[in-house]
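Undergrad: Take a look at this one; I'll ask things after.
Shown next, in the form of structure tokens:
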């Protein structure tokens, strides 16, 4: 779960350290008090792009830091390792974002990461829903993924996708050969000439930067030998080494008079040894530079050959070798077209047969689970106020296999009896779609591995009794997940295991938002405010909500 959320200089929040508990957590407060800042901070943890306008007025930087404790970090670790990061040392992961007027940065466990990687991790940690955040629920692809999660088809789906990719690869190979037009004699002659030219060069990795270095050295060998000889002469021939020897004699005389100076003169001995080594190194270097004229000519000829190939077939050795492979494949396809078509057709038929076997198993699992999931969701909807609603999970067969299988999925919903069911994407009411989303989430609670679910005012546009039903449903979700509910309804706030209030205050002429937990009488005070009344009757109602 999310154990700590720290915010610094984000909008009206100057400094906040929020320690969270488990289960259902309600966040309440007046409109404009700053509840949206909490949602905004969580969205940044999810990898949403940051707006510099959110930095608190007068400040240069704002930061958001979150700490998650996970029961199982294997899925997160797989994403981190794929992104080149070390896995979590334990089950704790720390995410930090820094937004400034000059640059934005994001970190996972103190290692800098890209926004793309942060999104991948964030999607596994937080599932956030607001009144208009239901695009994933409306997607037919996402609906099929939900059905697969409910049907526990993960292993079958992995096998199917592997088989599907093999089938698609063979299909594309066959299509390329079938669509390849017969080459003219002129084209064949050109292709064979190009292939022979590249193959005769026998290119290797050494023909890259290493060859250029050898060529540069050989072409400047005379000057390099001259400079190396001058350097050796400067060291020997009454040069630096001779002066170092004089210094060593003086040092020995100093040591005789004052032995304590011995340690201070050790660097002189080191310098002498290093200069002698340098003299030997330069001497060897000069001897190596004594390049035979025929060798220099050979290197120059090799460079000319490679440069000619680069001009024709690409700027790098890799490009030339890729061109060689492409030409070879093209010629092979032309020369052996009939045999290849025959072999690929047989292989494709066998691959399609294997795909059909796995797809049939996947389809069977989906058809078996679809009515069960629909019945489960319908039951959840009745508890959320849709007493006479209907819900179906429709599977439609597709003509051509896709990466998702041999069918598409459509969630159909009818809130009113006697009216036809329609796809979820055709539902206009945000209040209805919010409750449908909650029903779906409740049905898939055991299959959903996301640690934290956030519901941002999804109880908007519903009545008091339905709001309480929504609260109960979120509380049940809180038994399997950590759930944050940002709400204006006292019926939802009262049912939470933990209750936090967001308030605005003015200090030294500056407005800031603060968040604090409420319990006992203070929690009743907040519920009374949410009920919109005062006096003993309102307090009694608030107390009864908590007791219930």
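Residue numbers (the working numbering): 25 to 572.
Using N, Cα and C, we set each Cβ at its ideal position, and we do this for glycine too.
On a predicted model such as this, the values are computed, not experimentally measured, just so you know.
Residues in the same chain with beta-carbon distance under 7 Å from residue 441, minus the five sequence neighbours each way, listed in chain order, please.
TA: The residues are 412.
Undergrad: In angstroms, rounded to a whole number, what distance separates the CA positions of residue 47 and residue 499?
TA: Straight-line Cα distance between these residues: approximately 7 Å.
Undergrad: Contact check, residue 538 vs residue 527 under 8 Å by CB: the rounded distance?
TA: Sure, about 6 Å apart at Cβ, within 8 Å.
Undergrad: Would you kindly work out how many angstroms separate the C-alpha atoms of residue 435 and residue 419, rounded to a whole number?
TA: Distance between the alpha carbons of residue 435 and residue 419: 9 Å.
Undergrad: Which of helix, strand or coil does DSSP assign to residue 282?
TA: It is coil, neither helix nor strand.
Undergrad: Please give the ranges of any beta strand (DSSP E) in the region 378-461, keeping only runs that are unbroken, at least 3 residues long and fully inside the region.
TA: If we require 3 residues or more, the beta strand (DSSP E) runs fully inside the region 378-461 come out as 414-426, 429-438.
Undergrad: Return the chain-ordered list of same chain residues with a C-beta closer than 6 Å to the C-beta of residue 109, the five sequence neighbours on each side being excluded.
TA: Excluding sequence neighbours, residue 109 sits near 135.
Undergrad: Does the region 86-98 touch the region 107-126, meaning 3 or more C-beta pairs lie closer than 8 Å?
TA: Yes, they touch.
Undergrad: Where residue 259 and residue 299 are concerned, what is the direct C-alpha to C-alpha distance, given to the nearest angstrom?
TA: Using only the alpha carbons, I get a separation of about 8 Å.
Undergrad: Taking the alpha helix (DSSP H) that residue 550 belongs to, which residues open and close that run?
TA: Start and end: 544-555.
Undergrad: Evaluate residue 153 with the Cβ neighbour count: other Cβ atoms within 10 Å of its Cβ, from every protein chain shown; 16 or more gives buried, anything less gives exposed.
TA: Its Cβ being crowded by 16 or more others within 10 Å, residue 153 is buried.
Undergrad: Can you tell me where the beta strand (DSSP E) holding residue 121 begins and where it ends?
TA: 116-124 is the extent of the beta strand (DSSP E) around residue 121.
Undergrad: Hey, residue 466 and residue 496 are a contact pair by Cβ (cut 8 Å); roughly how many whole angstroms apart?
TA: Not quite, the Cβ-Cβ distance comes to about 10 Å (not below 8 Å), so this is no contact.
Undergrad: What is the DSSP secondary structure of residue 538, reduced to helix, strand or coil?
TA: If DSSP states are grouped into helix, strand and coil, residue 538 belongs with the strands.
Undergrad: Please classify residue 80 as buried or exposed, where buried requires at least 16 neighbouring CB atoms within 10 angstroms.
TA: With 16 or more Cβ atoms within 10 Å of its Cβ, residue 80 is classed as buried.
Undergrad: Determine, using beta-carbon pairs with one atom in the region 167-184 and one in the region 360-371, whether at least three such pairs fall under 8 Å.
TA: Touching, no, given that fewer than three Cβ pairs across the two stretches are closer than 8 Å.
Undergrad: At a cut of 8 Å, does the region 424-435 reach the region 375-383 through at least three beta carbon pairs?
TA: Contact holds: three or more Cβ-Cβ distances are below 8 Å.
Undergrad: Look up residue 482 in the DSSP assignment and say whether it is helix, strand or coil.
TA: In this structure, residue 482 counts as coil in the three-state DSSP scheme.
Undergrad: The alpha helix (DSSP H) with residue 515 in it runs from where to where?
TA: Residues 514-519.
Undergrad: Helix, strand or coil for residue 68, going by three-state DSSP, please let me know.
TA: Helix, per DSSP.
Undergrad: Going by CA-CA distance only, name the one from 506, 71, 376 that's closest to residue 146.
TA: Selected option, being the one with the closest Cα: 71.
Undergrad: When we look at the beta-carbon of residue 38 and count the other beta-carbons within 10 Å, is it buried (16 or more) or exposed?
TA: Buried, since its Cβ has 16 or more Cβ neighbours within 10 Å.
Undergrad: From the DSSP output, read off the bridge partner residues of residue 529.
TA: 536, per the DSSP bridge assignment.
Undergrad: Kindly list the residues whose CB is nearer than 7 Å to the CB of residue 444, restricted to its own chain and excluding five residues on each side of it in sequence; keep chain order.
TA: Closer than 7 Å at Cβ, skipping near neighbours: 438.
Undergrad: By a C-beta neighbour count over all protein chains shown, 10 Å radius and 16 as the cutoff for buried, is residue 223 buried or exposed?
TA: Answer is exposed; the Cβ neighbour count stays below 16.
Undergrad: Alpha carbon to alpha carbon, how far is residue 197 from residue 187? Give it in angstroms, no decimals.
TA: Rounded to whole angstroms, residue 187 to residue 197 spans 16 Å at the Cα level.
Undergrad: Buried or exposed for residue 523, please, with buried defined as at least 16 other CB atoms from any protein chain shown within 10 angstroms of its CB.
TA: By the 10 Å Cβ count, residue 523 comes out buried.
Undergrad: Quick one: Cα of residue 477 to Cα of residue 163, how far?
TA: Taking the straight line joining both Cα atoms gives about 19 Å.
Undergrad: Could you check which residue in 291, 483, 475 has the C-alpha nearest to that of residue 504?
TA: Taking only the C-alpha atoms, the option nearest residue 504 is 475.
Undergrad: Could you check what DSSP says for residue 73 in three-state terms: helix, strand or coil?
TA: In this structure, residue 73 counts as coil in the three-state DSSP scheme.
Undergrad: According to DSSP, simplified to helix, strand and coil, what is residue 464?
TA: Residue state, collapsed to three classes: helix.
Undergrad: Can you tell me which of the three DSSP states residue 46 falls into?
TA: Three-state result, residue 46: coil.
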